[in-house]
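Chemist: My questions all concern the structure below.
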Amino acid sequence: MTFLARFRLATFVLMLLAIAAAVPVFAQKLGPDGAPNPTASVTGQRELLQQEPRITGRVDIPDIKSSVLIQPAGRTWDYFHQVLLRWGGGVVILGTVALLAIAYLILGKLPISAGRSGRKVVRFEAFERFAHWLTAASFVILGLTGLNITFGKALLLPLVGPDLFAAISQIAKYVHNFTSFAFVAGLLLITVIFFKDNLLEKVDMDWLKQGGGFIKNRHAPAGRFNFGEKLVFWLSIAAGIAVSVSGFLLLFPFYGTDILGMQLAQVVHAVVAILFVALILGHIYIGTVGMEGAFEAMGTGEVDLNWAKEHHDQWIAKKLASETRPSATAAE
Amino acid sequence: MARMKFLCDADRCIDCNACVTACKNENEVPWGINRRRVVTINDGKPGERSVSMACMHCTDPPCAAVCPVNCIFPTEDGVVLHNKDQCIGCGYCFYACPFGAPQYPQVGNFGSRGKMDKCTYCAGGGGPEAPGSAAEFAKYGSNRFGEGKLPMCAEMCSTKSLLAGDGDIIAQIYGERVRKRGYGSGAWGWTTAYHEDVEV
Chain A
-9 MTFLARFRLA TFVLMLLAIA AAVPVFAQKL GPDGAPNPTA SVTGQRELLQ QEPRITGRVD
51 IPDIKSSVLI QPAGRTWDYF HQVLLRWGGG VVILGTVALL AIAYLILGKL PISAGRSGRK
111 VVRFEAFERF AHWLTAASFV ILGLTGLNIT FGKALLLPLV GPDLFAAISQ IAKYVHNFTS
171 FAFVAGLLLI TVIFFKDNLL EKVDMDWLKQ GGGFIKNRHA PAGRFNFGEK LVFWLSIAAG
231 IAVSVSGFLL LFPFYGTDIL GMQLAQVVHA VVAILFVALI LGHIYIGTVG MEGAFEAMGT
291 GEVDLNWAKE HHDQWIAKKL ASETRPSATA AE
Chain B
53 MARMKFLCDA DRCIDCNACV TACKNENEVP WGINRRRVVT INDGKPGERS VSMACMHCTD
113 PPCAAVCPVN CIFPTEDGVV LHNKDQCIGC GYCFYACPFG APQYPQVGNF GSRGKMDKCT
173 YCAGGGGPEA PGSAAEFAKY GSNRFGEGKL PMCAEMCSTK SLLAGDGDII AQIYGERVRK
233 RGYGSGAWGW TTAYHEDVEV
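Chains as they are written, first to last, in this note's numbering: chain A, -9 to 322; chain B, 53 to 252.
Right, dumping it as structure tokens:
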């Protein structure tokens, strides 16, 4: 055998192998009469679902989103919503309430240890309070109407009956949709107004080392906002962005999302919202029943001088200094 | 009681869309909503199959489980119906549905969702309207089921690809077909909808 003939033989064998490898993965099936049946060589839903999570195809109608034939993930989302979210959310919210109740029983209302001085200092300007209460009021409305969607049928439905509950939920849905814009506006204002004073500083480490003011006889130093307040600020902004973006994706169905995108958006929206509610419950506690003299900062905008000295010593020192300096120069 | 199901024999479906048209005509479905549609898999390639799909009237229906106002429920025949008076248009049943059945007419601001609409198995609605009444027809469409008839889509199917009726009987018919012709691409959606497959 010449070299050329050997070469030809090798090429031929290689070609045969290549053809064998190119045969479709699904083997040719035979009909009952023994003849090859090309229409029988078809992939079923089991193989398709192993390749991708959703079976999609072509539809004749213009509604492209109906081209998803089967998406078993719907049942997974059902499990998340009915089991994980309801139990997880219930545990987180009730657990937070229980922790705050225990904190109140142990610590009580933290007093102004030096007593009230009777002298008031401005802590929040009117516009700052407006931004805070715009966000706060819309948050409470969004929280209650949102919790109704997940927990309403277990808690409220048995009390008021299906027809009244449906009417309440219908109104709640529209209130939730429209209040979202007020919340986003308030969140933007808060971010801009309080951004500078919430940047982390060295004093925040000292505040942490001193136990954040929760340990008696240990003074925790802070600027305008202490580390705990800064934590609430940054977590609120992060959670606020997450719920706003995911919420608007749900509000405008199929704008930039598909079914999977909306399922994920709902998971993000629900989980972050539950954690957000828990965070704000803690924020409300320390701002009202948890500490004497704290609420008036956002209520009237003025706090007692001794409260300011105990909780925000560096801020009040700077503020008093800046207030006396211009008058001193004016006296010259 | 018989358990009502749908079964699409994809090896017989010719993508003629008669079921889609029959459904729209029988139920006078609102503009922009298709309770049934035909999806073609591997379009133009070997192994192409068309499947007619609508609400499968699932066992343990996920839409009913997630509905925040409990307005969706299965009847004793296994037909999943809903009450449009109570529906708030939140979209949750659409997220949960494995078959994309729930749809919403666009109402008001932003593409916000109106009352959910889906296949009723031509069995009227789940609201307080009297079965077969004009009020029920206007809101939900035909109530053939109350007259002892099967859904119009399956009755109209030119190749008898789409089967409706007692789940055991249509599974038996499909099984006989597969055994006789020697192949079948399976009962599409059955494992997801009914937690069971047709044994052939």
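Think of the CB as a built atom: it goes at the ideal place given N, C-alpha and C, for glycine as much as any other residue.
Within 10 angstroms of the Cβ of Asp153(A), are there 16 or more other Cβ atoms? Answer buried if so, exposed if not.
Modeler: Mapped onto the first sequence, residue 153(A) falls at position 163. By the neighbour-count rule (16 or more Cβ atoms within 10 Å), Asp153(A) is not buried but exposed.
Chemist: Does the region 218 to 238 of chain A come close enough to the region 160 to 177 of chain A that 3 or more CB-CB pairs lie under 8 Å?
Modeler: Touching, yes, given that three or more Cβ pairs across the two stretches are closer than 8 Å.
Chemist: Taking beta-carbon pairs under 9 Å, can you tell me which members of the region 83 to 103 of chain B lie near chain A?
Modeler: Residues Gly84, Ile85, Asn86, Arg89, Val90, Val91, Thr92, Ile93, Asn94, Asp95, Gly96, Pro98, Gly99, Glu100, Arg101, Ser102, Val103.
Chemist: Between the alpha carbons of Gly202(A) and Ala157(A), how many angstroms are there, rounded?
Modeler: Here residue 202(A) refers to the residue found at position 212 when the first sequence is read from its first residue. Here residue 157(A) refers to the residue found at position 167 when the first sequence is read from its first residue. Each residue's alpha carbon lies about 46 Å from the other.
Chemist: Which value, in whole angstroms, describes the spacing of the CA atoms of Val293(A) and Phe146(B)?
Modeler: The residue labelled residue 293(A) in the question sits at position 303 within the first sequence. The residue labelled residue 146(B) in the question sits at position 94 within the second sequence. In a straight line, the C-alpha of Val293(A) is about 51 Å away from that of Phe146(B).
Chemist: What does Leu32(A) touch in chain B if you count any residue whose Cβ is under 7 Å from its own?
Modeler: Within the first sequence, the letter at position 42 stands for residue 32(A). In the sequence as presented, Leu is not what sits at residue 32(A); that position holds Val. Result: Gly99, Arg101, Ser237.
Chemist: Can you have a look at Leu95(A) and say buried or exposed, based on whether 16 or more other CB atoms are within 10 angstroms of its CB?
Modeler: Taking the first sequence and counting its residues from 1, the one referred to as residue 95(A) is at position 105. The residue is exposed, with fewer than 16 neighbouring Cβ atoms inside 10 Å.
Chemist: What residues from the region 46 to 61 of chain A come within 8 Å of chain B, judged by C-beta to C-beta, listed N to C?
Modeler: If the cut-off is 8 Å between Cβ atoms, the region 46 to 61 of chain A has Thr46, Gly47, Arg48, Val49, Asp50, Ile51, Asp53, Lys55, Ser56, Ser57, Val58, Leu59, Ile60, Gln61 near chain B.
Chemist: State the DSSP-derived secondary structure class of Arg119(A), mapped to helix, strand or coil.
Modeler: Translated into positions along the first sequence, residue 119(A) becomes position 129. Correct three-state label for Arg119(A): helix.
Chemist: Would Trp67(A) pass as an interface residue toward chain B - the criterion being a Cβ-Cβ separation below 8 Å?
Modeler: Against the first sequence, residue 67(A) aligns to sequence position 77. Trp67(A) counts as touching chain B.
Chemist: How would you list, in chain order, the residues of chain B whose beta-carbon sits under 9 Å from the beta-carbon of Pro324(A)?
Modeler: Since the first and last residues shown for chain A are -9 and 322, residue 324(A) lies out of range.
Chemist: When you compare the CB of Ala318(A) with every CB in chain B, is at least one pair closer than 8 Å?
Modeler: Reading the first sequence from its first residue, position 328 is the one you call residue 318(A). Here the model assigns Ala318(A) a pLDDT of 47, short of 50, so the residue's position is not dependable, and the following value carries that caveat. So, not an interface residue.
Chemist: For chain A, check one thing: does any of its Cβ atoms lie closer than 8 Å to the Cβ of Gly143(B)?
Modeler: Reading the second sequence from its first residue, position 91 is the one you call residue 143(B). It does: the Cβ of Gly143(B) has a partner Cβ on chain A nearer than 8 Å.
Chemist: Check whether the Cβ atoms of Ala212(A) and His301(A) sit closer than 8 Å, and answer yes or no.
Modeler: Within the first sequence, residue 212(A) is the residue found at index 222, counting from 1. Within the first sequence, residue 301(A) is the residue found at index 311, counting from 1. In this structure, His301(A) lies closer than 8 Å to Ala212(A) by Cβ.
Chemist: In whole angstroms, give me the CA-to-CA distance for Pro62(A) and Leu146(A).
Modeler: As a position in the first sequence, residue 62(A) is number 72, starting the count at 1. As a position in the first sequence, residue 146(A) is number 156, starting the count at 1. Whole-angstrom Cα-Cα distance: 31 Å.
Chemist: Compare the C-alpha of Glu191(A) against each of Ala126(A), Thr169(A), Arg214(A) and name the closest.
Modeler: Walking along the first sequence from the start, residue 191(A) turns up at place 201. Checking every option, the nearest Cα to that of Glu191(A) belongs to Arg214(A).
Chemist: Does DSSP classify Glu292(A) as helix, strand or coil?
Modeler: To locate residue 292(A), count along the first sequence from 1; it is residue 302. The answer is strand: DSSP assigns Glu292(A) an E or B state.
Chemist: Can you tell me the Cβ-Cβ gap for Asp61(B) and Arg229(B), rounded? I've got them flagged as a contact below 8 Å.
Modeler: For this step, residue 61(B) is matched to residue 9 along the second sequence. For this step, residue 229(B) is matched to residue 177 along the second sequence. The Cβ separation is near 6 Å, so the contact holds.
Chemist: Quick one: list the residues of chain A neighbouring Ser164(B), beta-carbon separation under 8 Å, in chain order.
Modeler: In the second sequence, residue 164(B) corresponds to position 112, counting from 1. Result: Asn167, Leu241.
Chemist: Is Ala12(A) buried or exposed, if buried means 16 or more other CB atoms sit within 10 Å of its CB?
Modeler: Indexing the first sequence from 1 puts residue 12(A) at position 22. For Ala12(A), the pLDDT reaches just 46, beneath the cut-off of 50, and the residue's location in the model is therefore unreliable, leaving the point undetermined.
Chemist: What span of residues does the beta strand (DSSP E) with Gly230(A) cover, start to end?
Modeler: Residue 230(A) sits at position 240 when you count from the first residue of the first sequence. Here Gly230(A) belongs to no beta strand (DSSP E); instead the alpha helix (DSSP H) covers 217 to 241.
Chemist: Are the C-beta atoms of Met105(B) and some chain A residue less than 8 Å apart?
Modeler: In the second sequence, counting from the first residue as 1, residue 105(B) sits at position 53. Chain A, which has a Cβ nearer than 8 Å to the Cβ of Met105(B), makes this yes.
Chemist: What is the rounded straight-line gap between the Cα of Thr73(B) and the Cα of Ala223(B)?
Modeler: Reading the second sequence from its first residue, position 21 is the one you call residue 73(B). Reading the second sequence from its first residue, position 171 is the one you call residue 223(B). Cα-Cα distance, rounded: 25 Å.
Chemist: Could you tell me the boundaries of the alpha helix (DSSP H) in which Val262(A) lies?
Modeler: The count along the first sequence starts at 1 and reaches residue 262(A) at position 272. Its alpha helix (DSSP H) spans residues 249 to 277.
Chemist: Would Thr92(B) be called buried (16 or more neighbouring beta carbons within 10 Å of its own) or exposed?
Modeler: Residue mapping note: residue 92(B) aligns to position 40 of the second sequence, counting from 1. Counting Cβ neighbours within 10 Å, Thr92(B) comes out buried, since at least 16 surround it.
Chemist: Could you tell me how far apart the beta carbons of Leu295(A) and Ser107(A) are, in whole angstroms, since I believe they sit closer than 8 Å?
Modeler: As a working mapping, residue 295(A) is identified with position 305 in the first sequence. As a working mapping, residue 107(A) is identified with position 117 in the first sequence. The Cβ separation is near 4 Å, so the contact holds.
Chemist: Taking CB distances under 8 Å as the criterion, tell me whether Ala148(B) reaches chain A.
Modeler: On the second sequence, residue 148(B) is found 96 positions in, with the first residue counted as 1. Answer yes: the Cβ-Cβ gap between Ala148(B) and chain A drops below 8 Å somewhere.
Chemist: So which residues on chain A does Cys123(B) lean against when the C-beta distance must stay under 9 Å?
Modeler: By 1-based counting over the second sequence, the position of residue 123(B) is 71. Per Cβ cutoff of 9 Å: Pro152, Ala156.
Chemist: Report yes or no: is there a C-beta of chain A within less than 8 Å of the C-beta of Thr244(B)?
Modeler: Mapped onto the second sequence, residue 244(B) falls at position 192. Yes - at least one Cβ of chain A is within 8 Å of the one on Thr244(B).
Chemist: Applying the criterion that 16 or more other CB atoms from any shown protein chain within 10 Å of the CB defines a buried residue, is Trp297(A) buried or exposed?
Modeler: By one-based count along the first sequence, residue 297(A) stands at place 307. Its Cβ being crowded by 16 or more others within 10 Å, Trp297(A) is buried.
Chemist: Terminal residues of the continuous beta strand (DSSP E) containing Cys209(B)?
Modeler: Translated into positions along the second sequence, residue 209(B) becomes position 157. Counting along the chain, Cys209(B) falls outside any beta strand (DSSP E), and DSSP gives it neither H nor E.
Chemist: Along the region 122 to 152 of chain A, where does the CB come closer than 8 Å to a CB of chain B? Name the residues.
Modeler: Cβ contacts with chain B: Asn138, Ile139, Thr140, Gly142, Lys143, Leu147, Pro152.
Chemist: Evaluate Tyr173(B) with the Cβ neighbour count: other Cβ atoms within 10 Å of its Cβ, from every protein chain shown; 16 or more gives buried, anything less gives exposed.
Modeler: Locating residue 173(B) in the second sequence gives position 121, where the first residue counts as 1. Buried, by the Cβ-count rule.
Chemist: Do you know how far the Cα of Ile85(B) is from the Cα of Val82(A)?
Modeler: Sequence index remark: in the first sequence, residue 82(A) carries index 92 (1-based). Sequence index remark: in the second sequence, residue 85(B) carries index 33 (1-based). About 40 Å.
Chemist: Determine the contact status of Tyr226(B) and Ala239(B), defining contact as a CB-CB distance below 8 Å.
Modeler: The residue you call residue 226(B) lines up with position 174 of the second sequence. The residue you call residue 239(B) lines up with position 187 of the second sequence. Result yes, Cβ atoms of Tyr226(B) and Ala239(B) sit closer than 8 Å.
Chemist: I'd like the list of long-range same chain contacts for Ala10(A), defined as Cβ closer than 7 Å, with 5 residues on each side in sequence excluded.
Modeler: Sequence index remark: in the first sequence, residue 10(A) carries index 20 (1-based). With a pLDDT of 49 at Ala10(A), under the threshold of 50, the modelled position of this residue cannot be trusted, and the question is left open.
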